[in-house]
Amino acid sequence: MRRHPANKIMEDFYHPTLERHGAEAVPKILGLTASPVVRSNKQELLKIESNLDAVCKTPRTHRSELMTHTHRPYLQQILFTPVLLDDLQAGSRTLKALVNAWTSMRLEDDPYIKKLRKSPLDGRALQKVLESGKTYCNDQLKRFATRSLHIFEELGEWAADYFIYASVEQLKTRADNSVDSMGWTDEEKAYLLDIVSKLPTPNLDLTPSDPDRIPISPKFRSLLEFLDTKGEPNFSGLVFAKQRATVSVMEKLLSIHPVTKHRFRCASFVGWSGGGSKDVLGELLDARMQRDTLSEFRTGQKNLIIATDVLEEGIDISACSVVVCYDKPPNLKSFVQRRGRARHRQSTYAIMFSTDDESSALSKWEDLEQAMIKAYEDDERRLREAWALEAINEEVVERLEVPSTGAVLTADTAVAHLNHFCAVLPRQPYASNEPEFSYEKDDADLLRGTVTLPSCVHPEVRRIQGQRWWQTERAARKEAAFQAYKRLYEFGLLSDHLLPFKRNLELKETDHVNLPALVEVSEQYDPWVDWACSWSSPDVHQTQIAIKHNGDSHMCIRLTSPTSLPPIEPMTLFWDSETTYTLAFDKPKRMKGIAADSIENMRLATALYLQAASSRQLRPEQDFVTLFGPDLSDLELAEWLKKHAGDEPALEVYSRKDFPTIMGIVRDRLRYNEPMVFKRWVVSGQDDTPIVELECDAFPKRRNLLHRQTLAAKQLDTEIPDISSKIRLILAENCTIDKLPYAETIFGRFISVILDRLEATLVATRLCETILRDLEFSSIRHVITAITAPSAQSLTNYQRYEFLGDSVLKFTVSCQLFFQHPNWHEGYLSEGRDEIVQNSRLARAALDAGLDAFIMNKTFTPRKWTAPLISEKISLTPKQRTISTKVLADVVEALIGASYIDGGFAAAHACIHRFLPEVNLEHIDRTTTTAPSTPEGTTNHTLNDDHLMTHIGYTFTHKSLLVESLTHPSCQFDTTTQSYQRLEFLGDAVLDMAIMSTLLSHPHEIPQGQMTKIKHAVVNANLLAFFCMEFALVEKRSTVQINPSGTASLNPSSIDHKLELWRFMRYQGAHLQTARDAALARHASLRKNIIHGLQHSPSYPWKYLSQLNADKFFSDIIESILGAIFIDSHGNLAECEKFLERLGLLWYLRRILKDGVDVMHPRNIAQQMAKGEIRFEVVRVVNGDGTAGTAGGEDDGATYRCAVTMAGVEGVAVLVERCLTSEEAEITAAERAVEILVGRGCSL
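Written as structure tokens, this is what we have:
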């Protein structure tokens, strides 16, 4: 109807399309409603049919079935005599004293007035308070007196006395709470306590046996008389009362009254809302007290609930046999809904009426109920004036159009748009994301609207006031919503489509297409192709290689190349378990005009080395890309070749009696010239016919000499480890011996290793000269590591650097988005970061830059290796290879990590900018966004105390940042301070970097897998929450003391008091407080075990921390404080680390590293011990009945059960039940499974 969004769609789109293009161009309409007519007006029905282009019909199929199963309750009237003025005057002396205390309060004695008079800057505020007479203490006492009077009228003298007594005792208890979320001061506590402590103590009998000793009101007596007739065994009833205070006291009165205490099991329920005001007096009900009320009522543990109208609808409770309205229903809607709770057969629906109430006839309600639509009209009669006013068609002419997209915002659509914007904001437990509208009136009774958005929205646009005054709330609401939504757009929180940013569209800094898991990329860059082409130049470069055997000089080799070699780090080659060779490379020297025959001799020398160490015949081509030879002149090299090329029969060598040290490799012609190492001559037989044999060892088969012998078996070329030599005797007549001495022969095995490392260096150098030319790495070793994939099975791979680069990238992007978009809430920041750092974006960046050609993922297999040839490389055709997008992304992150290690943050930022041009933190002005949006001094809070900053270990320049870091999203009373979500977003990245810095500073290099486990353990939310609960400020504070005379006073204390960090968190809502207190109770019971685990245990206390199950806000405030320190200190990570040091987190991290604390998750331990043949199944169990439930809150009493099955054990090996969380269930079950596996002899 009218301007309903659905009707606007019909008016603006459906009907115009129907007129232009006919019925085929529009969809068919089906509308469902319980009652299409509200005012019983036929014209209204016709209007709906016209709007929807449809015909209204009533279904008939199930109407008779509905009437058969509907049980109408018996409607009963309960009359009572009202309380007279004389009864009030003759009533409770405590109540009269309370009313007198309130009416006689002197404003000048109020602590708030005294505080304002002391400050010359608060003159305006003082004048305003003096004119209104409203102070916190005055309002509290006024509401307390008003409620007490109401309790007296409704329930009687005993109830009023109990209410006053219980409220005062509660206030005394709450006064000991050092930090209160409502912000009342110690002086206000003392002032209120001084007043209420002087009230006479009532003479209350809490266990009466005589009904006459409990003075009650006539109204409550009538209720007792009615209930006395309803004591059947299966009784279940509801009593509806108007005020929360009445509910709490009535429940107490029914529970102790002799007439009802043995017949009814009572409970109270007022819902989960804390109400609009935060009262310290008279709010007796706690959310924890009603936590199990509904479930106990369903199971029959409770059979009578006293409730407010919150139980009228929306909450599932069992059908009742009796429903009593202690106050007359306010309207027909309440009458019908309350009646619907009495669904038992022969149930009773009773309404209490005063004897002087002219509208007490039940026939009036019955008449209304028989004709629903007509009854609605009667019910609306009392609001007819208001409806008539709201029916005024005030045209709110507001319009915003975005020319680039054509998007239009009007006042009619603004409320819906605003609701949608709030609905997609980051959701937080215990906080509402709905916009709140309020209205103010001027002298002419005109209205102006104000809308307040959730606290995660920037304070500058969080509270927006309408610009005009209106006759109706509807118009004021529309205009305020329009102004708010317009400001959101102008503030950069909406797209040009006038909608919240979408992750896949507007939050992207650059457009890119998601890549598949595997992509076709360029073949690995081959530097030998460039070298092969470079041989056309007449000049060459020679590099001397000094080789040491077990530290002693052995020989020198000359490497000849067509271009200059980049610096190559020394290599250590492991010949066997006892023999190592160290290769050191000198600076290359340029040699001009090398003769062709010299080049040819170098090729012959290279071939000689390669052939000497192999049993296979080399290819005939000898145009090697790299040349090796002894460190000799050209003439000496020619002589050397003549002397050492080829072989000779073993008998000739024997006849010359050559020294074994100058002998070469022995080859058995009967065994395909298998190479062997000469040991000694063995001669047998007669002198005239001696039999000459050679005793030989097998030539080592290990070829990948870069790895230690114990690792050789793990190589893909399945090399055989060098075990004890096998001695063989071979007839000399069947053997030949190479002329090249054995000491020089072994160099042939070095060539493949040298060229493999040289190739990696050349690839990395080329990368630095092209894509990374602006980064200027000081050590090429970091680049080699960063571009080497684990599949290459090289000495190093990128995993460790990638782990570091991931943290640096996350930190850098988080900082950029935080400073670049001070208007963005945490949801936009998180989504924006995810878009930038996701693997598909990084992989696309790698492909765009051409990085794919420099990723080394080929495994070095010396057994299949052949020396690169010029002719082969020149004719090489470029190919493609398949590589995963994750590897592409990992290499980008590894290069970022390498840059950070090589040159710190500046180098890392330059590397990030090279691949992600949109990330340029160095060029963002961070000074303008360092200060918070909250003006200094506008937040009056205990956080302004310097003691907290002293304990944190950092003094804030902008104290409002500290206030913001401790403001929970549920905190709605301070519209000038944003919630901590933005700071928590930044602090999460800061925490990562602080942990990473500590890991990197460890003297021993930690493998990537272990670093991942350690980081996961240290940033565990439950561990952070535990440190938050432990972090306490010790101070001496004043206490409120009740003197013997009944007065209250502030006394300084010499006792140290702990003020925990969590107490400073600003929040609202009973739900959060209930959850907080439950977590603190678990902390108290687990504290000793967790502390022992952190200080002494050889393993991480996974189980105890999972049982802690702390709410996220405990860990959030740790991260938000980190973010606040980082901003206020202009990005000084050292200040953040100081806070983590005081917190104890870095201490525990160092203990993990020093003592080798096992941080592996119990589930992973069990899976490794069981070789993967183990299965965990976690089920959520509701109400202990063994049924799996859906996700819900703790109020449903859900627990978790974990069943473990493993190979070799029939059925369920381990069953753990009644755990608070799924994590606790899984960890507990895993630990028991490990015990079983250990008993079976399994190990990691």
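Mapping the sequence shown onto full-length UniProt numbering, position 525 (from 1) lands on 525, and the numbers just tick up by one.
Built from N, CA and C at the ideal position, the CB exists for glycine as well.
N203 and I216 have their C-alpha atoms roughly 15 Å apart.
Taken in chain order, the whole beta strand (DSSP E) runs of length 3 or more contained in the segment 936 to 1024 number zero.
Judged by their CB atoms, L1108 and H1083 are nearer to each other than the 9 Å cut-off. Comparing alpha carbon positions, the residue from A584, I568, T543 closest to G551 is A584. Under the three-state reduction of DSSP output, L627 falls in the strand class. Contact between A407 and T308 is ruled out by a C-beta separation of about 44 Å, above the 8 Å threshold.
Counting the other CB atoms within 10 Å of its CB gives N1164 a total below 16, which places it among the exposed residues.
D992 sits buried, since 16 or more C-beta atoms from the chains shown fall within 10 Å of its C-beta. If you draw a straight line from the Cα of E153 to the Cα of E251, it is about 16 Å long.
With respect to the 9 Å criterion, V837 and N857 are not classified as neighbours on the basis of their beta carbons. Close CB contacts of E1060 within its chain, under the 6 Å cut and outside five residues either way in sequence, are with A1032 (chain order). Taking C-beta atoms as the reference points, F624 and R558 fail to come closer than 9 Å. By the criterion of at least three beta-carbon pairs nearer than 8 Å, the segment 834 to 849 is not in contact with the segment 999 to 1011. C696 is bridged by DSSP to F678, R728. Beta-bridge annotation (DSSP): E648 is paired with I737.
Straight-line spacing of the CA atoms in A481 and P403 works out to 21 Å. For S354, the pairing in a beta bridge is given by DSSP as F80. Straight-line spacing of the CA atoms in P566 and R590 works out to 13 Å. Taking the Cα positions, W528 is about 38 Å away from C735. Judged by DSSP secondary structure, Q820 falls within the alpha helix (DSSP H) whose first and last residues are 799 to 820. Three or more Cβ pairs closer than 8 Å define a contact, and the segment 893 to 901 falls short of that threshold against the segment 642 to 653. Residues P690, V692 of the same chain have their beta carbon placed closer than 6 Å to that of V683, with the five preceding and five following residues left out of the count. Only residues of its own chain outside the window of five on either side were considered, and among them I151, V249, L253 have a CB closer than 6 Å to the CB of A159, listed in chain order.
Inside the segment 854 to 922, DSSP marks whole beta strand (DSSP E) runs of 3 or more residues at positions 880 to 884, from first to last along the chain. Taking every protein chain shown into account, the CB of F803 has 16 or more other CB atoms within 10 angstroms, so this residue is buried. In the pairwise beta carbon analysis, the segment 973 to 991 is classified as not touching the segment 1080 to 1095: fewer than three pairs are separated by under 8 Å.
About 55 Å separates the Cβ atoms of G827 and P233, ruling out a contact at the 8 Å cut-off.
For L409, the enclosing beta strand (DSSP E) stretches over residues 407 to 410. In the DSSP assignment, the residues bridged to M591 are V540. Each of D631, E636, I599 was checked against the Cα of Q622, and the nearest Cα belongs to I599. Non-local C-beta neighbours of T413 in its own chain, meaning closer than 8 Å and more than five positions away in sequence, comprise P5, K8, ordered along the chain.
Taking one beta carbon from each stretch, the segment 797 to 816 and the segment 896 to 907 have 3 or more pairs nearer than 8 Å; the two touch. Remark: three or more beta-carbon pairs, one from each stretch, lie closer than 8 Å, so the segment 669 to 678 and the segment 726 to 742 are flagged as touching. By the CB criterion at 9 Å, D496 and W469 fall outside the cutoff. No Cβ-Cβ contact shorter than 9 Å links Q1008 with Q1167. For Q428 and P969, the gap between their C-alpha atoms comes out near 7 Å.
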